[in-house]
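Single-structure report; data block below.
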Amino acid sequence: MRITRDTLLRIARETAEQRAKISRRLICIYLVGSCLSEDPLLGGTTDIDLVIIHDSEPLEPREMVRLSDEIHLDISHYSEALFRQPRQLRTHPWLGPFIYNKPLVLYDSRHWFDYIQAATGAQFLQPEYVLARARALASLARQEWSNLAFAPSSDHRRRVVGFLKALENAGNAFAVLTGPPLTERRFLLELPRRAAALGRPQLSASLSALLAGEVEVSDDVWQSWMRHWDEAFQQVSSQETFPTRLHPCRSAYYSRAASALWEGNPGAAFWVLMRIWTLSVAHVPADSPVILPWQETCQMVGLDRNHFASRLEALDAYLDQVEEILDAWGENHGVTPFQE
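Reading the sequence shown from the start, the letters are residues 469 to 808 in the numbering used here.
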């Protein structure tokens with residue numbers, strides 16, 4: 469099937485119509501994410517990001533629905549109660565930007581979205597709210613670092629999961645000063661532009677160094693990593709329980725994106741690979757043979773047990789730098805601690 473933006477929008481509309489017919493308790497359904505862009509595909513794959521608002525607590529927060537190897541639905545479910553104070557969404561680093569940036573409303577039972585967007589969008593770009601969103605992400609990154617430094621897990625796989633999450637939050641902490649937060653597949657692809665927009669290009673380069681050091685990788689090594697990654701992903705996604713993000717329908721979504729990025733941006737490709745590979749091995753039994761290649765890769769890039777303490781020190785220094793940049797941005801835009 470030829471995938472176009474029009475095709476994706478048609479599927480989104482049909483899905484919303486079907487869901488609304490099944491349940492009269494739905495309040496709103498809207499589309500966010502890459503399908504709203506002119507180029508939604510990466511590696512020939514994409515997901516259709518739908519947000520469904522319920523009049524009560526939903527049964528599950530997120531679901532994946534396979535449509536083909538190239539397309540799947542990624543549906544987030546929220547209770548209306550979360551939105552009852554829409555002004556507070558101005559400081560939410562994820563929900564707020566996706567509401568403000570004109571999602572496509574597919575179903576709205578009582579003009580609910582118009583009210584929420586109006587209340588959220590008012591003064592949304594005022595410096596105090598921008599900085600509040602940035603500091604919320606910086607705080608999450610600092611909390612991850614604190615957990616790793618002072619209450620570390622005995623399972624190194626979990627420690628690397630936390631480390632990568634801290635990197636993501638740290639990068640997005642300064643990225644949201646100039647736009648919405650960056651999503652997983654395009655994170656290191658878009659981050660250099662955000663850093664350059666702040667006049668701080670080193671922020672992106674330093675984050676990449678925290679991820680992989682100065683390692684240069686041949687095509688043969690990359691292909692070996694991809695095979696081992698796929699083995700780990702297939703094992704965890706075939707288990708009785710697995711994280712929603714590792715649903716079997718997302719195999720090509722990640723692998724083809726990483727392969728496409730590898731051609732022109734190896735660092736961005738490695739981010740996708742390492743993020744999902746680490747999450748995969750963290751959810752297989754401790755004696756699984758798929759863990760060993762991941763451990764060898766961690767050793768190669770300096771994320772193994774022996775080098776992890778020094779990498780944590782470097783992360784601490786990086787977070788200090790991000791926090792100082794946020795402080796300076798606030799001062800330059802007239803934001804005082806009281807206003808925050």
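By construction, the Cβ of each residue, glycine as well, lies at the ideal position given by its N, Cα and C atoms.
In this text the structure is predicted, and so the values were computed from the model without any measurement.
(message) Do Phe592 and Arg558 count as a contact pair if the criterion is CB distance below 8 Å?
(response) Going by C-beta atoms, Arg558 is nearer than 8 Å to Phe592.
(request) Excluding the 5 residues preceding and the 5 following Ser676 in the sequence, name in chain order all residues of the same chain whose CB lies nearer than 7 Å to its CB. (result) For Ser676, where only same-chain residues beyond five positions count, the Cβ hits under 7 Å are Leu656, Gly735.
(message) Using the three-state DSSP reduction, which class does Ile497 fall into: helix, strand or coil?
(response) If DSSP states are grouped into helix, strand and coil, Ile497 belongs with the strands.
(message) Considering just the uninterrupted stretch of the alpha helix (DSSP H) at Val573, what are its terminal residues?
(response) No alpha helix (DSSP H) holds Val573; the beta strand (DSSP E) holding it covers 572-576.
(request) Pull up the distance between the alpha-carbon of Ile759 and that of Ala700, whole angstroms please. (result) So the two alpha carbons sit approximately 8 Å from each other.
(request) Say whether the stretch 745-765 touches the stretch 698-717, bearing in mind that this needs 3 or more beta-carbon pairs closer than 8 Å, one atom from each stretch. (result) By the criterion of at least three beta-carbon pairs nearer than 8 Å, the stretch 745-765 is in contact with the stretch 698-717.
(message) If you measure between the beta carbons of Glu538 and Ile479, is that distance less than 8 Å?
(response) No; because the gap between Cβ atoms is not below 8 Å, this pair is not in contact.
(message) Rounded to the nearest angstrom, what separates Thr588 and Gly564 at their Cα positions?
(response) C-alpha separation (whole angstroms): 7 Å.
(request) Taking all protein chains shown into account, decide if Lys633 is buried (16 or more other Cβ within 10 angstroms of its Cβ) or exposed. (result) Counting Cβ neighbours within 10 Å, Lys633 comes out buried, since at least 16 surround it.
(request) Locate the beta strand (DSSP E) running through Glu531, then write down its first and last residues. (result) In this chain, the beta strand (DSSP E) harbouring Glu531 covers 530-534.
(message) Suppose the cutoff is 7 Å on Cβ atoms and the five residues either side in sequence are ignored; what does the same chain contact list for Gln562 look like?
(response) Contrary to the premise, residue 562 reads as Trp rather than Gln in this sequence. Leaving aside the five residues that flank Trp562 on each side, the residues in its chain whose CB is nearer than 7 Å to its CB run, in chain order, Pro649.
(message) Applying the 10 Å Cβ sphere with the 16-neighbour rule, what's the burial state of Phe618?
(response) Here Phe618 is exposed: its Cβ has fewer than 16 other Cβ atoms, across all protein chains shown, within 10 Å.
(message) Among Val519, Trp613, Pro526, whose alpha-carbon lies nearest the alpha-carbon of Ala777?
(response) Put simply, of Val519, Trp613, Pro526 the residue whose alpha carbon is nearest the alpha carbon of Ala777 is Trp613.
(message) Per DSSP, what are the beta-bridge partners of His540 in this structure?
(response) The partner list for His540 (beta bridge, DSSP) reads Asp515, Arg534.
(request) For Leu771, decide whether its Cβ has a neighbour in chain B, counting only Cβ atoms nearer than 8 Å. (result) Absent from the structure is chain B; it holds one protein chain and no more.
(request) May I have the straight-line CA-CA distance separating Pro529 from Thr709, to the nearest angstrom? (result) The alpha-carbon atoms of Pro529 and Thr709 are separated by roughly 15 Å.
(message) Need the endpoints of the alpha helix (DSSP H) that Asn615 sits in, please.
(response) Per DSSP, Asn615 belongs to the alpha helix (DSSP H) from 595-618.
(message) Could you give the first and the last residue of the continuous alpha helix (DSSP H) run that contains His579?
(response) That residue, His579, is in no alpha helix (DSSP H); it is neither H nor E in DSSP.
(message) Quick check on Pro571: buried or exposed, where buried means 16 or more other Cβ atoms within 10 Å of its Cβ?
(response) Result: buried.
(request) Please check the pair Val769 and Val683, which I expect to be a contact at CB under 8 Å, by giving their CB distance rounded to whole angstroms. (result) At roughly 5 Å, the Cβ-Cβ gap stays under 8 Å, so Val769 and Val683 are in contact.
(request) Provide the residue(s) that pair with His801 in DSSP beta bridges, ordered along the chain. (result) The partner list for His801 (beta bridge, DSSP) is empty, contrary to what the question assumes.
(request) Ignore the nearest five residues each way along the sequence and tell me which others in Arg578's own chain have a CB closer than 6 Å to its CB. (result) Excluding residues within five positions, none has a Cβ falling inside 6 Å.
(request) May I have the straight-line CA-CA distance separating Glu485 from Pro526, to the nearest angstrom? (result) About 18 Å.
(message) Using the three-state DSSP reduction, which class does Leu510 fall into: helix, strand or coil?
(response) If DSSP states are grouped into helix, strand and coil, Leu510 belongs with the strands.
(message) Quick check on the DSSP output: what are the complete alpha helix (DSSP H) runs of length 4 or more inside the stretch 660-718, in order along the chain?
(response) Secondary structure in the stretch 660-718: the alpha helix (DSSP H) runs of 4 residues or longer, each lying completely within the stretch, are 670-680, 687-705 in chain order.
(message) In whole angstroms, give me the CA-to-CA distance for Leu787 and Ser547.
(response) Within the model, the alpha-carbon separation for Leu787 versus Ser547 is close to 33 Å.
(message) Does Ser505 come out as helix, strand or coil in the three-state DSSP assignment?
(response) Note: Ser505 maps to coil in three-state DSSP.
(request) Tell me whether the beta-carbon of Arg493 lies closer than 8 Å to the beta-carbon of Ser524. (result) Annotated as proximal: Arg493 and Ser524, with beta-carbon spacing under 8 Å.
(message) Which residue wins for smallest C-alpha separation from Glu731, given the options Glu596, Glu482, Gly802, Trp690?
(response) The candidate whose alpha carbon is nearest that of Glu731 is Trp690.
(request) Within 10 angstroms of the Cβ of Pro508, are there 16 or more other Cβ atoms? Answer buried if so, exposed if not. (result) Burial check for Pro508: the Cβ neighbour count within 10 Å reaches 16 or more, so the residue is buried.
(message) Let's see if you can read the secondary structure: which residues bound the alpha helix (DSSP H) around His751?
(response) In the DSSP assignment, His751 falls outside any alpha helix (DSSP H), carrying neither H nor E.
(request) With a 10 Å radius around its C-beta and 16 neighbouring C-beta atoms as the bar for buried, classify Gly667 as buried or exposed. (result) With fewer than 16 other Cβ atoms within 10 Å, it is exposed.
(message) Are the CB atoms of Leu574 and Ile516 within a distance shorter than 8 Å?
(response) Cβ distance not < 8 Å, so Ile516 and Leu574 don't count as in contact.
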